[in-house]
Amino acid sequence: MKELSALPLFAKVVELKSFAEAARYLNVPTTTVSRKIQQLEQDLGGKLLNRSTRSLSLTELGSQVLPKAQLIADTVSELYNEAEEMAHQPVGTLTITAPKALSQDTLAPMLAEFRALYPTIKINLASSNRFQDLTKQSIDFAFRLGPLHDSNLMALTLSNVKYVLTASNTFLAKYGEPDHPLELYQRPCIHNHVDGYFLPWRFAYQGEEIEISSNSELISDDFNVTKALSVKGAGICYLPHSMLRNEIAKGEMKTVLDEWVPQDRSMLLVYPDKRHLPLKSQLFLEFMRSKRPEFVEILSGQSPSSIT
144 MKELSALPLF AKVVELKSFA EAARYLNVPT TTVSRKIQQL EQDLGGKLLN RSTRSLSLTE
204 LGSQVLPKAQ LIADTVSELY NEAEEMAHQP VGTLTITAPK ALSQDTLAPM LAEFRALYPT
264 IKINLASSNR FQDLTKQSID FAFRLGPLHD SNLMALTLSN VKYVLTASNT FLAKYGEPDH
324 PLELYQRPCI HNHVDGYFLP WRFAYQGEEI EISSNSELIS DDFNVTKALS VKGAGICYLP
384 HSMLRNEIAK GEMKTVLDEW VPQDRSMLLV YPDKRHLPLK SQLFLEFMRS KRPEFVEILS
444 GQSPSSIT
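Going by my numbering, the sequence shown opens with residue 144, and the numbers climb by one from there.
Here's what the structure looks like:
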């Protein structure tokens with residue numbers, strides 16, 4: 144059987160573009176690295192690298208071998224990680240980003256419960272309404288409103304999010320209730336945006352669908368601010384029902400255009416597409432999967448029994 148340990152070594156040499164750097168990284172003599180690569184070339188029947196005093200480049204055979212060598216290197220690394228995790232408690236820090244309103248009203252008690260279950264896992268929660276690059280910013284999980292547009296990410300659907308169109312009684316007394324979504328263009332509205340992208344208002348009624356884009360002089364990137372402005376009579380808002388449930392029940396806010404059903408969105412738990420998630424991430428993912436009935440009850444207004 145051929146020696147396979149040289150394949151991850153070959154991948155590391157290519158990654159670091161140096162025999163010496165690979166040897167330093169692996170804490171072995173440079174002569175050992177050179178000898179193993181030479182033996183690998185003999186086993187494969189051809190040169191893998193063109194070497195000079197200043198540079199390395201792949202041969203045609205090297206280009207063919209490299210992807211498989213990288214796969215083996217990744218697999219070996221994952222095996223060692225799994226073995227280490229099995230021998231120890233789950234440790235590390237989970238970096239999570241979530242919308243501000245969700246963090247405050249829903250996630251905080253859930254994260255406290257998770258920490259009680261796994262006290263050796265630290266949580267770094269960034270409450271932000273901005274879309275952040277999970278890979279570049281080393282974020283483990285992001286709670287986002289769907290749909291998901293990045294094919295390099297995985298997503299667990301936690302719940303549909305029921306939206307409502309509401310206004311305060313003082314606002315409606317002054318401007319009157321709209322009878323059709325297009326009449327919203329003639330009334331003050333408070334719109335939201337994320338990273339400069341306006342979140343459109345979408346409605347459906349008897350097969351007709353209408354999308355209302357922003358024409359507002361009041362724009363916010365924070366749903367809580369939008370709610371506060373609308374409660375004070377500054378305009379009509381389009382927000383998750385969970386944020387306005389109490390105000391509607393007390394009669395402080397009234398839903399409008401009830402026959403025009405606002406289209407639901409999905410609350411997603413998004414994470415990088417990896418073959419192997421660290422144990423800390425696996426545990427968090429399973430914990431949040433177990434919380435789906437609570438998300439459904441809070442965000443969609445449905446009975447928890449509606450999710451299977």
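Glycine included, each C-beta is placed from N, C-alpha and C at the ideal position. Being a predicted model, the structure only gives us computed values, none of them experimental.
Using three-state DSSP, classify residue i as helix, strand or coil.
| i | result |
| --- | --- |
| L361 | strand |
| P383 | strand |
| P343 | coil |
| N295 | coil |
| A226 | helix |
| F274 | coil |
| N267 | strand |
| S409 | strand |
| T249 | helix |
| R388 | helix |
| S449 | Note that S449 has pLDDT 38, beneath the 50 cutoff, so the model's placement of it is unreliable and the number below is only indicative. In the structure shown, S449 sits in a helix (DSSP, three-state: H, G or I). |
| T202 | coil |
| S161 | coil |
| N367 | helix |
| S373 | helix |
| Y261 | coil |
| E352 | strand |
| P151 | helix |
| K279 | coil |
| L400 | coil |
| E440 | helix |
| R287 | strand |
| P415 | strand |
Residue i lies in the alpha helix (DSSP H); which residues open and close that run?
| i | result |
| --- | --- |
| I180 | 173 to 187 |
| R432 | 422 to 433 |
Out of the options, point me to the one whose CA is closest to residue i's CA.
| i | options | result |
| --- | --- | --- |
| T174 | D186, T313, L152, A347 | L152 |
| L169 | Q182, L183, A149, Y414 | A149 |
| S270 | E256, Y414, R287 | R287 |
| K397 | T278, S359, G376 | G376 |
| F284 | P415, P210, V399, L199 | P415 |
| L348 | P331, F366, H323 | In the sequence under discussion, the amino acid at residue 348 is Tyr, which differs from the Leu named in the question. Checking every option, the nearest Cα to that of Y348 belongs to H323. |
| D364 | C380, G350, F427 | C380 |
| T278 | E354, V413, E221 | V413 |
| A244 | P383, L420, Q425, D217 | P383 |
| K305 | E440, E158, K160 | E440 |
| L325 | S161, A154, R345 | R345 |
| D401 | A166, S177, I391, L308 | L308 |
| S195 | S161, F366, A165 | S161 |
| S433 | S281, P242, E256, F366 | E256 |
| L361 | P331, E390, E351, N367 | P331 |
| V404 | E395, D217, G378, G350 | G350 |
| K417 | P242, T218, L254, E203 | T218 |
| L420 | Y318, P290, M297 | M297 |
Express the C-alpha separation of residue j and residue i in angstroms, rounding to a whole number.
| i | j | result |
| --- | --- | --- |
| S385 | L442 | 6 Å |
| Q406 | H336 | 17 Å |
| F430 | N303 | 19 Å |
| S373 | S311 | 7 Å |
| I353 | R408 | 15 Å |
| T313 | V399 | 14 Å |
| I180 | A212 | 12 Å |
| Y261 | P233 | 8 Å |
| S198 | L159 | 11 Å |
| E437 | L183 | 55 Å |
| N224 | L426 | 15 Å |
| E390 | L327 | 21 Å |
| T456 | T238 | Nothing can be reported for residue 456, as the shown portion of the chain is limited to 144 through 451. |
| S356 | E221 | 47 Å |
| S424 | L268 | 14 Å |
| M289 | P321 | The amino acid occupying residue 289 in the given sequence is Gly; Met does not appear at that position. Cα-Cα distance, rounded: 28 Å. |
| A216 | D276 | 26 Å |
| G394 | Q247 | 24 Å |
Assuming residue i and residue j are in contact, meaning their beta carbons sit under 8 Å apart, how far apart are those beta carbons, in whole angstroms?
| i | j | result |
| --- | --- | --- |
| L299 | L191 | That pair is no contact at about 41 Å. |
| I266 | R273 | With 8 Å as the limit, I266 and R273 do not qualify as a contact, their Cβ atoms being about 19 Å apart. |
| L342 | K370 | 14 Å between Cβ atoms; not a contact. |
| L187 | V208 | 7 Å |
| I333 | S359 | 6 Å |
| T240 | I282 | 6 Å |
| L301 | R435 | 6 Å |
Could you tell me the boundaries of the beta strand (DSSP E) in which residue i lies?
| i | result |
| --- | --- |
| L192 | 192 to 194 |
| Y306 | 306 to 311 |
| V337 | 332 to 337 |
| G235 | 235 to 241 |
Determine whether the Cβ of residue i lies closer than 8 Å to any Cβ atom of chain D.
| i | result |
| --- | --- |
| V399 | The structure shown has no chain D; it contains just one protein chain. |
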